[in-house]
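For the protein sequence lines, the chains are A and B, in the order given.
In terms of the working numbering, the first sequence has 97 at position 97, counting the first letter as 1, and numbering is strictly consecutive.
In terms of the working numbering, the second sequence has 1033 at position 33, counting the first letter as 1, and numbering is strictly consecutive.
Ideal Cβ placement from N, Cα and C applies to all residues, glycine included.
What you are looking at is a predicted structure, and each value in this text was computed from that prediction instead of being measured.
The structure under discussion appears below in the form of structure tokens.
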Amino acid sequence: MFKIKNHILFFTAAIAFIVLASPSQGTLAFKQDKVKALYLYNFLLFVEWPESAFDEKDCICTAILGDDLLFEALKPMRGKAMKGRKMLVERYENLKDLERPFHVIFIGSSMKALVPQILDQIKDEPVLTVSDMERFTQMGGMVFFRNIGSPSDKTGYPKRFEINLAAVKRAGLKIRSRLLRLSDIVYNP
Amino acid sequence: MNKTLVLILSVFFVLILTDNPCQAKRDTLVVSLGTQPLKLLNPAYTTSRQILVLYHNWGDTLLYRDPVQRKIVPCLAESYWFVDPKTIEFKLRKGVRFHNGEPFDARAVKFSLDLLKRPGSLVSRFLTGFKEIDIVDDYTIRLKTSSPDPTVLELITNILFIYPPDYYKKVGKEGFEKHPIGTGPYQFVSHKNPSEILFKVNPDYFGGPKGKAKIPHLKGVIMPEEILQMEALLSGQADLIRSTTFNQEQLPFVNQSPDLEIKSVEIIRTCFLSMDAMGRSGVKVFKDKRVRMAVNHAINKEKIVKYAFNNFADIAHSVTSPLHFGHEPDVMQYPYDPAKARRLLAEAGYPNGFTIDFFAAISETASESIARDLEAVGIKTNFKWMGGRWDSYYKMFLMGKTPMAFLTWGSYSIFDASAIMSPFFIMDTEGCYGTTPEVSSMLEEANQTIDQEKRRELFSKAQKIIAEEAFWVPLCTTKAISVKNKDLNFQPFYDEIDRYFSASWD
């Protein structure tokens, strides 16, 4: 009887340890969103827009479509200075609500069906298009967040993004080398 | 059956314990050390700060800089006294052993100095005045210098690294670099690849002024890009970014992250642009002082400090930092004036500017800003970015192959103007791309007198001439910034030596 109790105790302790010590899925997701926000912030830092992309308000604006967690992670940066301009971050649920001008648009996976329409609407405008949905660059998007947060393996750190340089150039944008070094470059029309 | 069940559960339990991220976190301090792969684990053969920092965690020196009191205290030495201005006697600490069990004694100190003075050692140039070590007995030595050396205690504290003689002779330089041994609070465990190094606490550490390491394991990781350091910190894969490797452009983002904390301190590090005024690289354009002055006027230092360093730096006009003994702030200044720069270039015979190879391995944003400023006055740059390859970059610099180079110098944490002026402005030293005979002889004289007023005067005069000759563009002095998990107790110090052994968890 005593032995059985011991086993039960041991088993319970082991299970409790797993439950208490493992990071929850929520925590991991939150961290992932923080990292996505970090990279979006770095694209704002290291992408150059033509002067014509800015109006008299002189703000640098990020529109987030369909990714509330990313918006929450980036929200604290609202109003901060970014290369001498004021940083704006807005969340949108519908394409029609988008206010111009914006300089970066992040399109969440839930908006996949709308991607062709969105890209068509801002075609050749100086707007950086970013997403974490598969095949985004094949659809004509510019930056696909592919391996965000992946640890290094034997060959080193996996490239973090896929960048469609043809689309970037067409929009009159320049991406600095430190981001290109973290990217696989594709040339999709 | 019961025994089997207990065995399975036990194994299961142990596996969870060893593989659990939370447990690992409390056991291990993971530090993102920078972008340069860890290759030469030998502080005498690299000027890479990360190896110097790691050495002071795995090794000790006779003396130690107490970073709180800001004074030098005995460490592997128990005591010391000046027998005469050229001789110091050290009583060594007894009972200290290297991590492999080899005893630390007078023989180890003598062996180490001989090793550090060998050709190829990058610290040998600082130790030329260290004539010899006389062994009085197993635990007493006398260090003799060829002349009174005003920086002798600083040098002993920072770069008289102590090697285990028997082990070093057995495994050689290459063997040591693969598996370094010291007496320090952490001991080397493994170096899985150039991107990761692991240490464990030295259970037999004598303590001394450093004290024993508080976190059982120390893991250093290398990230190929600065942004990845931030990613690692945010995702919990690292706990701390080593001071001065953090890219200040990320500061606004860190400030909004409740899990992270910033600690900063003023340090001795100076950033500057070197121009080849001697024509060593085959490029003659900088032999003309007007061109060097034009470059000085062309660069907007204020913008660099504001944007590239996020104001965690101060504009510099002199080649030394205010923390160096002998710093002279009152030197000729070159205000940002692109029109004047263009005029000077025209006077020098370059009305349409010229094209130059521009090398850099640190602060990409500052380097790009410099390149843009130069282009604005007609100097086009072939930008050669060597980020993450500091050793190769510095080697090229020493070989005279860089007509224009953006450098940073931490002076080996020696708080004396000689630590930055001697390697770059004494004639015929490898790092010298421009000097005058007068400057060179003043610096040599300053290195051989202990009259501090006289030294101050010599350094001052030399700095004024260097500024008038515009040999460099002094850009800024930077601050050390450590970004860390907010649960970690860690403080960067003014000597830019991270003491990971003093870190602890809340």
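Chain A contact residues for B:Q1256, given Cβ-Cβ distances below 8 angstroms: As a first step, residue 1256 of chain B must be located in the second sequence, where it is residue number 256. Chain A residues near B:Q1256: P76, M77 and K80.
Identified DSSP bridge partners for B:I1072: What you label residue 1072 of chain B is simply residue 72 of the second sequence in a count that begins at 1. According to DSSP, which records beta bridges pairwise, B:I1072 is partnered with B:R1065.
Cross-strand partners of B:V1291 (DSSP beta bridge): Sequence index remark: in the second sequence, residue 1291 of chain B carries index 291 (1-based). Beta-bridge pairing links B:V1291 to no other residue.
Beta strand (DSSP E) segment containing B:L1092, residue limits: Mapped onto the second sequence, residue 1092 of chain B falls at position 92. Its beta strand (DSSP E) spans residues T1087 to L1092.
Stretch pair the segment 1400-1419 of chain B + the segment 1353-1369 of chain B: three plus CB contacts closer than 8 angstroms: yes
Buried or exposed by the 16-neighbour rule on C-beta atoms within 10 Å, applied to B:Y1186: Locating residue 1186 of chain B in the second sequence gives position 186, where the first residue counts as 1. So B:Y1186 ends up on the buried side.
Residues bridged to B:P1474 (per DSSP): As a position in the second sequence, residue 1474 of chain B is number 474, starting the count at 1. Partner(s): B:F1272.
As assigned by DSSP and simplified to three states, the class of B:I1362: Translated into the one-based positions of the second sequence, residue 1362 of chain B becomes position 362. Residue state, collapsed to three classes: coil.
Inside the segment 1318-1353 of chain B only - alpha helix (DSSP H) runs reaching at least 4 residues: 1338-1347
Proximity test, Cβ basis, 7 angstroms: B:P1085 and chain A: As a first step, residue 1085 of chain B is located in the second sequence; it is residue number 85 there, counting from the start. Cβ-Cβ to chain A under 7 angstroms: no for B:P1085.
Three-pair Cβ contact test at 8 angstroms for the segment 1037-1057 of chain B versus the segment 1215-1226 of chain B: yes
Cβ contact check for the segment 1258-1274 of chain B and the segment 1320-1335 of chain B: 3 or more pairs under 8 angstroms: yes
Length of the line joining the Cα atoms of B:T1436 and B:L1115: As a first step, residue 1436 of chain B must be located in the second sequence, where it is residue number 436. As a first step, residue 1115 of chain B must be located in the second sequence, where it is residue number 115. Whole-angstrom Cα-Cα distance: 32 angstroms.
Neighbouring residues, chain D, relative to B:E1249 (Cβ below 9 angstroms): In summary, chain D is missing from the structure at hand, where the protein chains are A and B.
Counted within 10 angstroms of its Cβ, other Cβ atoms place B:F1490 as buried (16 or more) or exposed: Translated into positions along the second sequence, residue 1490 of chain B becomes position 490. Counting Cβ neighbours within 10 Å, B:F1490 comes out buried, since at least 16 surround it.
Backbone secondary structure at B:D1060 - three-state DSSP: What you label residue 1060 of chain B is simply residue 60 of the second sequence in a count that begins at 1. Coil.
Residue interval of the beta strand (DSSP E) (run including B:F1199): Taking the first residue of the second sequence as 1, we reach residue 1199 of chain B at position 199. Run containing B:F1199: E1196 to V1201, per the beta strand (DSSP E) assignment.
Entirely enclosed alpha helix (DSSP H) segments - the segment 1413-1470 of chain B, minimum 4 residues: 1418-1425, 1437-1446 and 1452-1469
Under the three-state DSSP convention, the category B:S1500 falls into: Working through the second sequence from its first residue, we reach residue 1500 of chain B at position 500. In the sequence under discussion, the amino acid at residue 1500 of chain B is Tyr, which differs from the Ser named in the question. Helix, per DSSP.
Residue-level contact to chain B via CB, A:G191, 7 angstroms cutoff: As displayed, chain A neither begins before 1 nor continues past 189, which places residue 191 of chain A out of reach and without an answer.
One or two residues paired with A:M226 in a DSSP bridge: A query on residue 226 of chain A cannot be resolved here, the shown segment of chain A reaching from 1 to 189 and no further.
Validate contact between the segment 1481-1501 of chain B and the segment 1388-1404 of chain B using beta carbons, cut 8 angstroms, 3 pairs: no
4 or more residues per run - each alpha helix (DSSP H) lying fully within the segment 1137-1215 of chain B: 1152-1158 and 1165-1178
Residue from B:S1392, B:L1092 and B:L1345 with nearest C-alpha to B:V1136: As a first step, residue 1136 of chain B is located in the second sequence; it is residue number 136 there, counting from the start. If we check each option's Cα against that of B:V1136, B:L1092 comes out closest.
DSSP three-state assignment for B:F1490, whether helix, strand or coil: The residue labelled residue 1490 of chain B in the question sits at position 490 within the second sequence. B:F1490 falls in the coil class under three-state DSSP.
Beta-ladder partner(s) of B:V1030, from DSSP: As a first step, residue 1030 of chain B must be located in the second sequence, where it is residue number 30. Paired residue(s): B:K1219.
Proximity to B:D1134 [Cα-Cα], best of B:H1317, B:K1284, B:N1296 and B:L1113: The sequence position of residue 1134 of chain B within the second sequence is 134, counting from 1. Here the closest residue by C-alpha is B:L1113.
Residues of its chain near B:F1253, where Cβ-Cβ distance is below 8 angstroms and the 5 sequence neighbours each way are ignored: Here residue 1253 of chain B refers to the residue found at position 253 when the second sequence is read from its first residue. M1230.
Straight-line gap, B:I1162 to B:K1479 (C-alpha atoms, nearest Å): One-based indexing of the second sequence puts residue 1162 of chain B at position 162. One-based indexing of the second sequence puts residue 1479 of chain B at position 479. Going by the C-alpha atoms only, they are around 29 angstroms apart.
Rounded Cβ spacing between B:R1455 and B:A1446 (contact assumed at less than 8 angstroms): Locating residue 1455 of chain B in the second sequence gives position 455, where the first residue counts as 1. Locating residue 1446 of chain B in the second sequence gives position 446, where the first residue counts as 1. The Cβ separation is near 5 angstroms, so the contact holds.
A:P109 to A:I64 span [Cα, whole Å]: Start at 1 with the first residue of the first sequence, and residue 109 of chain A comes out as number 109. Start at 1 with the first residue of the first sequence, and residue 64 of chain A comes out as number 64. Pro is not the amino acid found at residue 109 of chain A; the sequence shown has Ser there. For A:S109 and A:I64, the distance between alpha carbons rounds to 11 angstroms.
Environment of B:F1082 [buried if 16+ CB atoms lie within 10 Å]: On the second sequence, position 82 is the one that residue 1082 of chain B refers to. It is exposed - the Cβ of B:F1082 has fewer than 16 other Cβ atoms within 10 Å.
Neighbour-count burial assignment, A:L20, 16 or more Cβ in a 10 Å radius: Start at 1 with the first residue of the first sequence, and residue 20 of chain A comes out as number 20. Because the pLDDT at A:L20 is just 46, under 50, the model does not fix this residue reliably, and the value given afterwards should be weighed accordingly. Answer is exposed; the Cβ neighbour count stays below 16.
Check whether A:R85 and A:C59 have beta carbons under 7 angstroms apart: The count along the first sequence starts at 1 and reaches residue 85 of chain A at position 85. The count along the first sequence starts at 1 and reaches residue 59 of chain A at position 59. Yes. Within cutoff.
Beta-carbon neighbours of A:G156, restricted to chain B and to distances below 7 angstroms: Translated into the one-based positions of the first sequence, residue 156 of chain A becomes position 156. Simply P1224.
Secondary structure of B:F1246, DSSP reduced to three states: In the second sequence, residue 1246 of chain B corresponds to position 246, counting from 1. It is coil, neither helix nor strand.
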